[in-house]
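Chemist: Per my numbering, the very first residue in the sequence shown carries number 702; after that it's consecutive. Mind looking over this structure? Questions follow.
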Amino acid sequence: MALFGFIGKKRAKTVPLRNLGLQCDMHSHLIPNVDDGSDSLQKSIELINGLKNAGYKKLIVTPHVMTGFFNNDTKTITHGLQVLKEELVRQNVDIEIDVAAEYYIDYDFMQDLSRKPMLTIGNNKMLLFECSFVNRHRNFDETVFEMQVNGYTPVLAHPERYTYWHGNINHMRTLHDRGILFQINILSLAKAYSREVNYAAKELINNGLVDFIGTDLHNIEQLKIIGNTQISENTFNKLMELELLNNKLL
């Protein structure tokens with residue numbers, strides 16, 4: 702009986718995510734050999750061509766800045782961007798490319814906030830940052846406050862991936878109400894991490910707490926997933942109702 706019930710159950714309709722018409726990606730790791738993203742110039746070109754074929758017209762690349770792991774600064778990042786841009790011209794790849802960074806909140810980040818300009822998204826001083834996936838940062842609230850005091854708009858990278866916030870949508874709403882913009886990953890919607898992360902991403906969407914969708918692209922395998930991502934019709938319709946900010950960065 703259960704078997705026939707399963708067979709007779711209608712599958713939910715799905716829609717290609719690319720139908721959203723996102724033309725600007727604001728989170729990726731495409732500058733070669735600066736973090737855990739692309740490890741060669743040619744791979745970077747392949748990834749960029751893949752995103753271009755997926756409909757993107759502008760890419761804002763965001764290398765990691767994490768003391769002790771990815772010791773990047775404005776100089777190393779902008780130099781890497783220039784090398785990448787020159788190769789795009791040489792290979793006749795016509796796409797707009799800009800740079801920001803994905804900052805890990807640690808002691809050095811807190812010190813740098815008031816000492817030097819940070820690499821931000823667009824002209825509105827939007828600052829992309831991430832936290833530990835394991836433990837909530839004890840100075841999280843203070844760090845957000847310092848960002849805002851220094852004139853930055855905090856953009857939290859992939860909030861759906863922080864498991865310590867799963868199941869606490871009221872807390873997420875509080876963070877969002879404090880002026881923190883939320884960016885979820887396409888890979889989360891594609892169930893590339895886990896069912897729990899996928900559920901958390903959809904919960905943020907259903908509660909109107911998503912401002913950006915980013916690829917967070919690191920490699921060719923992820924590019925294949927991103928290009929084939931299908932989402933439920935219900936999730937697609939919810940996303941269409943949101944005022945996603947991606948295309949406002951064009």
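Glycine residues also receive a C-beta, built at the ideal position from the N, C-alpha and C atoms. Bear in mind that the values here come from a model prediction, so they are computed numbers and not experimental data.
Quick one: residues in its chain with C-beta nearer than 8 Å to the C-beta of Val716, no 5 flanking neighbours on either side, listed in chain order?
Modeler: Here residue 716 is taken as the residue at index 15 of the sequence shown, counted from 1. Taken in chain order, the residues that qualify are Gln931, Ile932, Ser933, Glu934, Phe937.
Chemist: Pair every Cβ in the stretch 727-738 with every Cβ in the stretch 889-904, then say whether three or more of these pairs are closer than 8 Å.
Modeler: no
Chemist: The beta strand (DSSP E) with Leu857 in it runs from where to where?
Modeler: Residue mapping note: residue 857 aligns to position 156 of the sequence shown, counting from 1. Leu857 -> beta strand (DSSP E) spans 854-858.
Chemist: For Leu723, collect the residues of the same chain with a Cβ closer than 8 Å to its Cβ; drop the 5 residues on either side in sequence, then sort them by chain order.
Modeler: The residue labelled residue 723 in the question sits at position 22 within the sequence shown. Same-chain partners within the cutoff: Gly756, Tyr757, Ile914, Leu945, Asn947, Asn948.
Chemist: With 16 other CB atoms within 10 Å as the buried threshold, where does Asp737 fall?
Modeler: Against the sequence shown, residue 737 aligns to sequence position 36. Exposed is the call here.
Chemist: Pull up the distance between the alpha-carbon of His780 and that of Glu843, whole angstroms please.
Modeler: Numbered from 1 along the sequence shown, position 79 holds the residue referred to as residue 780. Numbered from 1 along the sequence shown, position 142 holds the residue referred to as residue 843. C-alpha separation (whole angstroms): 32 Å.
Chemist: Quick check: what's the CA-CA separation for Asn920 versus Gly852?
Modeler: Locating residue 920 in the sequence shown gives position 219, where the first residue counts as 1. Locating residue 852 in the sequence shown gives position 151, where the first residue counts as 1. Using only the alpha carbons, I get a separation of about 33 Å.
Chemist: Would you kindly report the start and end of the unbroken alpha helix (DSSP H) that includes Asp878?
Modeler: Position 177 of the sequence shown, counted from the first residue, corresponds to residue 878. According to the DSSP assignment, Asp878 belongs to the alpha helix (DSSP H) that extends over 870-878.
Chemist: Pick out whichever of Leu789, Asn840, Thr763, Ile887 has its Cα sitting closest to the Cα of Asn720.
Modeler: Your numbering for residue 720 matches position 19 in the sequence shown. Asn720 has its Cα closest to that of Ile887, out of Leu789, Asn840, Thr763, Ile887.
Chemist: On the DSSP bridge list, what partners appear for Val716?
Modeler: For the purposes of this step, residue 716 is taken as residue 15 along the sequence shown, with counting starting at 1. Ile932.
Chemist: Would Phe830 pass as a contact of Pro855 if the rule is Cβ separation under 8 Å?
Modeler: Position 129 of the sequence shown holds residue 830. Position 154 of the sequence shown holds residue 855. Taking 8 Å as the Cβ cut-off, Phe830 and Pro855 qualify as a contacting pair.
Chemist: At a cut of 8 Å, does the stretch 786-802 reach the stretch 921-930 through at least three beta carbon pairs?
Modeler: Contact annotation: the stretch 786-802 does not touch the stretch 921-930, with fewer than three C-beta pairs closer than 8 Å.
Chemist: Assuming Pro764 and Asn773 form a contact by the criterion Cβ under 8 Å, report the distance between their Cβ atoms to the nearest whole angstrom.
Modeler: Taking the sequence shown and counting its residues from 1, the one referred to as residue 764 is at position 63. Taking the sequence shown and counting its residues from 1, the one referred to as residue 773 is at position 72. Contact flag correct, Cβ pair sits at about 5 Å.
Chemist: Rounded to whole angstroms, what's the CA-CA distance from Tyr808 to Leu828? Just pull it up for me.
Modeler: As a first step, residue 808 must be located in the sequence shown, where it is residue number 107. As a first step, residue 828 must be located in the sequence shown, where it is residue number 127. Approximately 16 Å between the Cα atoms of the pair.
Chemist: Output the distance between the C-alpha atoms of Phe707 and Lys714, rounded to the nearest integer angstrom.
Modeler: For the purposes of this step, residue 707 is identified with residue 6 of the sequence shown, where counting begins at 1. For the purposes of this step, residue 714 is identified with residue 13 of the sequence shown, where counting begins at 1. A caution first: Phe707 carries a pLDDT of 48, below 50, which makes its placement in the model too unreliable to give a value.
Chemist: Taking the beta carbon of Gln884 as the centre, do at least 16 other beta carbons fall within 10 Å, making it buried, or is it exposed?
Modeler: By one-based count along the sequence shown, residue 884 stands at place 183. With 16 or more other Cβ atoms within 10 Å, it is buried.
Chemist: At what residues does the alpha helix (DSSP H) containing Gly679 begin and finish?
Modeler: Lying outside 702 to 951, the shown extent of the chain, residue 679 is not represented and no answer is given.
Chemist: What span of residues does the alpha helix (DSSP H) with Gln849 cover, start to end?
Modeler: Here residue 849 corresponds to residue number 148 of the sequence shown, with the count starting at 1. That run of the alpha helix (DSSP H) goes 841-850.
Chemist: Have a look at Ala902, Leu857, Ile906, Lys892 and flag the residue whose alpha-carbon is nearest the alpha-carbon of Ile926.
Modeler: Position 225 of the sequence shown, counted from the start, is the residue given in the question as residue 926. Comparing Cα-Cα distances from Ile926 to each of Ala902, Leu857, Ile906, Lys892, the minimum goes to Lys892.
Chemist: Restricting to Cα atoms, I'd like to know which of Leu857, Asp740, Glu788, Arg874 is closest to Tyr804.
Modeler: Walking along the sequence shown from the start, residue 804 turns up at place 103. Minimum Cα distance to Tyr804 is reached at Leu857.
Chemist: Using a Cβ-Cβ cut-off of 6 Å (strictly less than) and excluding sequence neighbours within five positions of Gly823, which residues of its own chain qualify?
Modeler: Looking up residue 823 in the sequence shown gives position 122. Cβ neighbours of Gly823 within its own chain (closer than 6 Å, five residues either side excluded): Leu950.
Chemist: Compare the C-alpha of Val845 against each of Arg879, Leu910, Asn907, Ser833 and name the closest.
Modeler: Along the sequence shown, one-based indexing puts residue 845 at 144. When only C-alpha atoms are compared, the closest one is Arg879.
Chemist: Counting only the same chain and skipping the five closest in sequence on each side, list residues whose C-beta sits under 8 Å from that of Leu882.
Modeler: Against the sequence shown, residue 882 aligns to sequence position 181. Here the set comprises Met827, Thr854, Pro855, Val856, Leu857, Asp912, Phe913, Leu946.
Chemist: Go ahead and label Phe810 buried or exposed: buried means 16 or more other beta carbons lie within 10 angstroms of its beta carbon, across all protein chains shown.
Modeler: The residue given as residue 810 occupies position 109 in the sequence shown. That one is buried.
Chemist: State the CB to CB distance for the pair Ile778 and Ile732, rounded to an integer number of angstroms; the pair is presumed to be in contact (CB under 8 Å).
Modeler: The residue given as residue 778 occupies position 77 in the sequence shown. The residue given as residue 732 occupies position 31 in the sequence shown. Between Ile732 and Ile778 the Cβ distance is about 7 Å, and since that is below 8 Å, they are a contact.
Chemist: DSSP state of Val911, grouped into three classes?
Modeler: One-based indexing of the sequence shown puts residue 911 at position 210. It is coil, neither helix nor strand.
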